[in-house]
Amino acid sequence: MLTQANRDLPEAALRQLGNNFVKRGADQNQGSGELNREESMQNFEPNADEREFGATVADHNADIRKRPMKFAYASGSQPLAGFTIKRGVGFGGFGDVYYATSDAGKEVALKRIQRNLDVELRGVRQCLNLKHPNLVSLYDIRYDDEGQAWVVMEYVSGESLQDVIERNPNGMPVDQVVSWFRGLAEGVAYLHDNGIVHRDLKPGNIFVDSSLVKIGDYGLAKFISCSRRSGQTESVGTFHYMAPEIGLGRYGKEIDIYAMGIMLFEMLTGRVPYDGESSQEIIMKHLTAEPDVSMLAEPYRSVIAKSLNKDPEKRYRSVLDMANGLGLASGANPGPQQVFVNQNLNTADKNSAVTAQVVAPAVASIPEEPIAKAVRELLTKANAKWNSPEINFPAKICFVICFVLIMMSVGGPLLGFAFVAAGVYAVYYVVWYLLNAIGVDAPTRTVDVPVNAEVVTPVAPKPDERLAPAVKRARRPKPINKQQIAFEVRQSLGQQSLLRKARDLTGSMLMAAAVVSVVCVLTMLIGIQNLDTAIYSWGPNYAWMTLSSVVAAWSILLLSKFWEKTSGDQALRRFLMLTVGLGVGAFSFFLARVLMFSPGFVLTGIEGPLQLTETNRLLYNLDGTPDLLAYMAYFGTLFGGLRMWLHADPLRASRLRFFSTLIVIGAGILLHTVLPIPKGFLIAATTAIAVQLSSPWIDNDERYLVKKKLEQRQLEMTS
């Protein structure tokens, strides 16, 4: 059983538990096996992994609505005897959904079951006889002439809770929250009273029809039983709403209460309590992080906190208890038609309702500064152009070399111009901010919450008004995303034998040494130092630059080989890179002493400290040449400040990344103005280029094969 001690588990155990979540739950969007995946009748719901492309949930939904839909059956078709299709209304992992009418004129929704036939039909049969005003009705299962199964359902034409949340990004009006939550609680309580767990509660599954809240997509629900409570073999639900114990294959009605707590928080604030840039990050937050409910006032704060407890035994024992915590119910009359209404409300003065305050942040709208926006767009286009097939690898090498040469020749004046431009922009930005941003505050929004607000008792709809859980918006199964591919690749790298890793590392180190040798030869030939036929005039300089760069590249490659199986702890990796930089600086200093060589400066106008102060006397000699501490400070700061290990990440966007290399060069030159080190930025740039060219890289073809492998695995799980 999961408890609040999850955060005290060993890191390996937490990682394994997260892996169970991913393996069991990530495929739910592809219609796999027992999973309660999103079906076509619900809103498109992008996960956090997809937000890396800069889109919001609403943006994704709008994009999906614009996509053309192609259905197997056209309007007027009669694939199922007794029903005529009017139009297609959505797609799903199990099949298409159509709006249709019976021969007698009754409006229904027909869902054609194409995949996971046994899974879908088993869940539908369990729920065929459920009747409640807050549940979408399932009428029958029919088979066409080809033996294809169709589910005949109530057709719901109203919007979903997801639609309402999207329209209210800062939180829904409190009266709407109370109305939606009461209908949700009544429907879920009915399912629990009948021994059924929904397992996939989320805003996309909750609809409204003629002011009546209806719960859909409970056709894959499971019966609650003591013997099967821990026998679940596959995880269910959507990551943002999945309870922690689902990763262990355990489920009960507590997972529905957990999902209701998530939705209540989302309705009040407009966001989910656990979000992240990848499914793994979201899952780990569910397992270890505590929800931030500090912006909410009582009773919402305590109710949501208790509903989201990591230990299911410490959550509310029933939906009725949760509603009581909100003041929406007092007492419980057993029976499937239980309505959570405060009995004293009928006789009380409705104008004397007790109120609570919900405090949520209001988002201020500050426009993006136009110059920064233009530069960002320009860099985005340049990066896309650089990574496009139009620029081949040799051209990239030539471009980087030319850029380095230009910086060597006119780096000083350009750096001075950059400082002046930065100062002018800073003054401009302050003026722009004062003119455009001052006065645009982001105050907290305080709303009086009628805790015992007037209750709208569900009214059973007329027979011809009962509509099916089809959504007006089509939904396509989500494709395999970049995070899933990255996770699979890193898992594969982590399973390699030590011999294989040692062989790859040796090859990378030899390649890095060769690249460094060539790059240093090019820098020498181009005129960093006047050459003549005497080797002693340029040999020490070449040996010093080459060996310093090789040691730096080898250190990064060695650490990166241990880190390639996981994204890792950024702070720890920066610290280790700082240590590597200190070592490289010390090695470079002592190597110059061994070679009896004093490196010279190459940046015009930047020739070391002009005046020795008490501070830099510790770093520089009286003649202005850097001492040991100066070398260590320069390379330690450079390596610790930059994420140098990313140059060896096998999942980097391209083998040689121009902008990453440019950042290393720019940072080296900028640091040179504070801690002048002869040819320090050249050693850093040579190291970055060598690491990228010598380290393993998963190209697009290999990633495509990994993607197809994941898709095949999902297909096998559903068969």
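The sequence shown begins at 0 in numbering that gives the first Met the number 0 and counts up by one. Yeah, the Cβ is synthetic: ideal placement off N, Cα and C, and Gly gets one too.
If I'm right that residue i touches residue j with Cβ under 8 Å, what's the distance once you round it to whole angstroms?
i	j	result
L692	G639	Not a contact, Cβ separation roughly 23 Å.
G582	S554	7 Å
A629	L618	4 Å
V163	Q175	7 Å
T686	S507	That pair is no contact at about 13 Å.
S301	M321	Not quite, the Cβ-Cβ distance comes to about 11 Å (not below 8 Å), so this is no contact.
G104	V155	So it is not a contact: roughly 18 Å between Cβ atoms.
R314	Y257	7 Å
M152	L200	Contact flag wrong, Cβ pair sits at about 18 Å.
E276	V207	With 8 Å as the limit, E276 and V207 do not qualify as a contact, their Cβ atoms being about 32 Å apart.
Go ahead and pull the three-state DSSP assignment for residue i.
i	result
K708	helix
I527	Low per-residue confidence applies at I527: pLDDT is 48, beneath 50, and the placement is therefore not dependable enough to give any value.
V430	helix
S159	strand
K564	coil
L134	strand
F596	coil
I697	coil
P369	helix
I214	strand
P311	helix
F70	coil
D648	coil
N332	At N332, the pLDDT of 35 sits below 50, so the modelled position is not reliable and the matter cannot be decided from this model.
R111	strand
L641	coil
R656	coil
R300	helix
V673	coil
K201	coil
Q482	helix
R702	helix
Tell me, which residues are paired with residue i by DSSP?
i	result
I140	V150
T100	T83, E106
F206	S159, K213
P625	Y619
L575	BP columns for L575 are empty, so no partner.
D503	Paired residues: none, contrary to the question.
D274	Per DSSP, none; premise fails for D274.
Starting from the C-beta of residue i, find all residues in its chain whose C-beta is less than 8 Å away, skip the five residues before and the five after it, and write them out in chain order.
i	result
L521	I400
I662	L641
W543	S587, L590, A591, L594, F596, P598
Q337	Low confidence applies to Q337: its pLDDT is 30, below 50, so where it sits in the model is not reliable enough to give any reading.
L556	L504, S507, M508, A511, A647, V690, S693, S694
Closer than 8 Å, CB to CB, is residue i near chain C or not?
i	result
P132	Absent from the structure: chain C. Only one protein chain is present.
Among the options, which residue has its Cα nearest to the Cα of residue i?
i	options	result
M241	L247, R249, I254	I254
E145	P168, M171, R111	R111
E563	W644, L628, A552, C519	W644
L325	L319, P298, L286, Y315	P298
L247	I282, M262, V271, D216	I282
Y703	A666, L267, I484, A689	I484
V212	D199, V187, F238, W179	W179
E280	G679, N167, G567	G567
V488	I697, T672, I214, M631	I697
P168	R124, G269, L557	G269
I405	K481, I668, L557	I668
L650	V150, F486, L263, D139	F486
I396	P132, V517, M262, Q711	V517
P172	M266, P393, Q711, Y315	M266
A666	R654, A501, H131, G679	G679
G81	V419, Q482, S101, F574	S101
R490	R499, T565, V550, V515	For clarity, residue 490 is Gln in the given sequence; the question names Arg instead. Minimum Cα distance to Q490 is reached at T565.
D108	R124, H131, L129, V135	Per the sequence shown, residue 108 should be read as Ala rather than Asp. Ranking the options by Cα distance to A108, first place goes to V135.
By Cβ distance below 6 Å, which residues in the same chain neighbour residue i in space, the five residues on each side in sequence not counted?
i	result
S76	I84
Y72	P78, I84
M631	L581, G584, A585
Spatial neighbours of residue i within its chain, please: C-beta separation below 7 Å, excluding the five flanking residues on both sides.
i	result
L670	Y633, T636, L637
K707	none
L160	W179, P202, I205
G260	I303, S306, L307
R141	L79, W149, V151
A371	none
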